[in-house]
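Undergrad: Here it is, the structure in full.
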Amino acid sequence: MKAKQVRDTLLKEIRTVCKSIEQFCVSPGKDFVRSRKMPIEKLILTIIGMGNRNITNELLDFYDTSPDTPTASAFVQQRDKLKPEALETIFKSFSIKLLASSVKQMSILAVDGSDVQIATNPADTESYFTGMNGQHPYNLLHLNALYDLNQNIYLDSVIQKKHNYNEHLALISMVDRSTIPKALLIADRGYESYNNMAHIQEKGWFFLIRIKDGM
């Protein structure tokens, strides 16, 4: 699929969610009903396109330093009206469309996990760490991601709070809900278990998993 087709596919999936935004907003019938500087489609595009800079700089870049650029506060207020399920729906439907357009061959998939630091929030005890040896407090999420090595796209993910993350359950979840008929799954240590292997075999997939010594 060419770059323009990929872009058009993404925009189409975003607009599909926007048409049924009441399913994805915190207060249906109230949120995203008035015209603002940042309507729902622009909000989603801004979130998806953000990098690692602060919100103000990201907004200035997205709006090309226009006088109509919304403030960081306005962006946060709009963002808080949107449920995470909106982005999850776009991600999954977009990935499925890209796979459907690809050449039919055995998928080679890789799964791995990594920690993601988020804004410090002591109230979120499942992800909050007090810090040690002079380190500031912080919150961590654990991201489990499933990646297609042939198509160079992410297919699925499971996000867990760091204090109760479980890579085994995350992998089982992603394998069981996948619609791919046949694949080779590659995984690092942390995802090895007989139960995981059984789920992969039941799916009709193959696997190559690095294991800990003495398993």
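Numbers given in my numbering equal positions in the sequence shown, counted from 1, plus 202. For glycine and all other residues, C-beta sits at the position ideal for the given N, C-alpha and C. Given the structure is predicted, the values throughout are model-derived calculations rather than measurements.
Within 10 angstroms of its Cβ, does T218 collect 16 or more other Cβ (buried), or is it exposed?
TA: Within the sequence shown, numbered from 1, the residue matching residue 218 stands at position 16. It is exposed - the Cβ of T218 has fewer than 16 other Cβ atoms within 10 Å.
Undergrad: Going by the DSSP bridge assignment, what does Y340 pair with across the sheet?
TA: Position 138 of the sequence shown holds residue 340. Note: Y340 sits in a beta bridge opposite F331.
Undergrad: Taking all protein chains shown into account, do 16 or more other C-beta atoms lie within 10 angstroms of the C-beta of V377, making it buried, or fewer, making it exposed?
TA: Taking the sequence shown and counting its residues from 1, one reaches residue 377 at position 175. Buried.
Undergrad: Does the distance from the C-beta atom of I388 to that of A312 stay below 9 Å?
TA: Working through the sequence shown from its first residue, we reach residue 388 at position 186. Working through the sequence shown from its first residue, we reach residue 312 at position 110. Contact flag set, yes.
Undergrad: Does the distance from the CB of V208 to the CB of K285 come in under 9 Å?
TA: Looking up residue 208 in the sequence shown gives position 6. Looking up residue 285 in the sequence shown gives position 83. Not closer than 9 Å, so no.
Undergrad: For G333, which residues of its own chain have a beta-carbon under 8 Å away from its beta-carbon, when the five flanking residues on both sides are left out?
TA: Counting from 1 along the sequence shown, the entry for residue 333 is found at position 131. Contacts found: P339, Y340.
Undergrad: Please classify L351 as buried or exposed, where buried requires at least 16 other C-beta atoms within 10 Å of its C-beta.
TA: If you number the sequence shown from 1, residue 351 lands on position 149. By the neighbour-count rule (16 or more Cβ atoms within 10 Å), L351 is not buried but exposed.
Undergrad: Along the alpha helix (DSSP H) that carries V219, what are the first and last residues, could you check?
TA: Along the sequence shown, one-based indexing puts residue 219 at 17. 205-221 is the span of the alpha helix (DSSP H), which, as asked, contains V219.
Undergrad: By the three-class DSSP mapping on this structure, what secondary structure does A312 have?
TA: For the purposes of this step, residue 312 is taken as residue 110 along the sequence shown, with counting starting at 1. DSSP places A312 in strand when its eight states are reduced to three.
Undergrad: Near M240, which residues of its chain fall below 8 Å by C-beta distance, leaving aside the five closest residues on each side in sequence?
TA: Working through the sequence shown from its first residue, we reach residue 240 at position 38. Counting only Cβ-Cβ distances below 8 Å, and skipping sequence neighbours, we find T248, P272, A276, F277, Q280.
Undergrad: Taking the Cβ atom as the reference point for each residue, do G251 and E260 lie within a distance shorter than 9 Å?
TA: The sequence position of residue 251 within the sequence shown is 49, counting from 1. The sequence position of residue 260 within the sequence shown is 58, counting from 1. Yes; because the gap between Cβ atoms is below 9 Å, this pair is in contact.
Undergrad: Which residue's Cα is closest to the Cα of V318: P230, Y330, S375?
TA: Reading the sequence shown from its first residue, position 116 is the one you call residue 318. Ranking P230, Y330, S375 by Cα distance to V318 puts Y330 first.
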